[in-house]
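Below is one structure, written out as C-alpha coordinates; comments come after it.
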Amino acid sequence: MSTLQPVNPKPFLNGLSGKDVVCKLKWGMEYRGVLVSVDGYMNLQLANTEEWIDGAKTGNLGEVLIRCNNVLWIGGRNEDAS
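Structure representation (C-alpha coordinates):
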(Lines of atoms letter the chains of each structure in order from A and count residues from 1; the text may use other names and numbers.)
(Lines give C-alpha, C1' and ligand atoms only; values in the text may rest on other atoms or scores of the structure.)
Protein backbone atom coordinates (compact mmCIF):
# COMPACT_ATOMS: atom_id res chain seq x y z
CA MET A 1 0.00 0.00 0.00
CA SER A 2 1.47 3.36 -0.98
CA THR A 3 1.31 6.40 1.26
CA LEU A 4 1.30 10.05 0.30
CA GLN A 5 4.25 12.13 1.43
CA PRO A 6 3.76 15.86 2.07
CA VAL A 7 5.69 18.07 -0.34
CA ASN A 8 6.75 21.68 0.15
CA PRO A 9 4.90 23.45 -2.71
CA LYS A 10 7.40 26.16 -3.67
CA PRO A 11 10.39 23.88 -4.38
CA PHE A 12 8.02 21.40 -6.05
CA LEU A 13 6.64 24.08 -8.42
CA ASN A 14 10.09 25.54 -9.10
CA GLY A 15 11.27 22.03 -10.01
CA LEU A 16 8.47 21.79 -12.59
CA SER A 17 9.49 25.04 -14.35
CA GLY A 18 10.23 24.42 -18.01
CA LYS A 19 8.53 21.01 -17.94
CA ASP A 20 5.20 19.70 -19.24
CA VAL A 21 2.53 19.86 -16.55
CA VAL A 22 -1.14 19.13 -16.03
CA CYS A 23 -3.12 21.61 -13.96
CA LYS A 24 -6.65 20.71 -12.85
CA LEU A 25 -8.96 23.50 -11.75
CA LYS A 26 -11.64 23.33 -9.07
CA TRP A 27 -14.27 23.59 -11.81
CA GLY A 28 -13.15 20.37 -13.58
CA MET A 29 -11.15 21.72 -16.51
CA GLU A 30 -7.58 20.56 -17.11
CA TYR A 31 -4.86 22.62 -18.71
CA ARG A 32 -1.79 20.94 -20.17
CA GLY A 33 1.26 22.92 -21.16
CA VAL A 34 4.79 23.99 -20.27
CA LEU A 35 5.15 25.69 -16.89
CA VAL A 36 6.91 28.98 -17.64
CA SER A 37 6.86 30.58 -14.20
CA VAL A 38 5.30 30.68 -10.74
CA ASP A 39 5.09 33.83 -8.62
CA GLY A 40 5.07 34.31 -4.84
CA TYR A 41 1.30 33.76 -4.70
CA MET A 42 1.66 30.54 -6.74
CA ASN A 43 -0.09 31.94 -9.82
CA LEU A 44 0.92 29.82 -12.83
CA GLN A 45 2.03 30.87 -16.30
CA LEU A 46 1.73 28.12 -18.93
CA ALA A 47 2.86 28.14 -22.57
CA ASN A 48 1.58 25.95 -25.44
CA THR A 49 -1.51 25.29 -23.34
CA GLU A 50 -4.30 22.87 -24.28
CA GLU A 51 -7.70 22.88 -22.57
CA TRP A 52 -9.28 19.52 -21.70
CA ILE A 53 -12.86 19.14 -20.40
CA ASP A 54 -14.29 15.75 -19.42
CA GLY A 55 -11.30 13.98 -21.00
CA ALA A 56 -11.76 15.65 -24.40
CA LYS A 57 -9.44 18.27 -25.84
CA THR A 58 -11.41 21.46 -26.50
CA GLY A 59 -8.67 23.59 -28.02
CA ASN A 60 -5.24 25.16 -28.02
CA LEU A 61 -4.98 28.33 -25.95
CA GLY A 62 -1.31 29.24 -26.24
CA GLU A 63 -0.01 31.24 -23.27
CA VAL A 64 -2.24 31.46 -20.18
CA LEU A 65 -2.11 32.73 -16.61
CA ILE A 66 -3.96 30.67 -14.00
CA ARG A 67 -4.78 32.39 -10.75
CA CYS A 68 -3.68 30.43 -7.71
CA ASN A 69 -7.07 30.12 -5.99
CA ASN A 70 -8.55 28.22 -8.97
CA VAL A 71 -6.01 25.36 -8.88
CA LEU A 72 -7.11 22.01 -7.43
CA TRP A 73 -3.81 20.23 -8.21
CA ILE A 74 -0.79 20.40 -10.50
CA GLY A 75 1.69 17.73 -11.47
CA GLY A 76 4.29 16.76 -14.04
CA ARG A 77 2.94 15.22 -17.22
CA ASN A 78 4.21 11.90 -18.48
CA GLU A 79 4.19 11.99 -22.30
CA ASP A 80 3.48 8.25 -22.48
CA ALA A 81 0.29 8.64 -20.43
CA SER A 82 -1.32 11.38 -22.54
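In the working numbering, the protein residues as written are 147 to 228.
Even for Gly, the Cβ is constructed at its ideal location relative to N, Cα and C.
Fewer than three beta-carbon pairs drawn from the region 204-213 and the region 153-164 are found closer than 8 Å, and the two stretches are therefore not classed as touching. The three-state reading of DSSP puts G208 in strand, counting E and B together. In the DSSP annotation of this structure, N194 is not part of any alpha helix (DSSP H); the continuous beta strand (DSSP E) holding it starts and ends at L190 to I199. The alpha-carbon of N194 is positioned some 14 Å away from that of E176. About 5 Å separates the Cβ atoms of V184 and L159, confirming a contact at the 8 Å cut-off.
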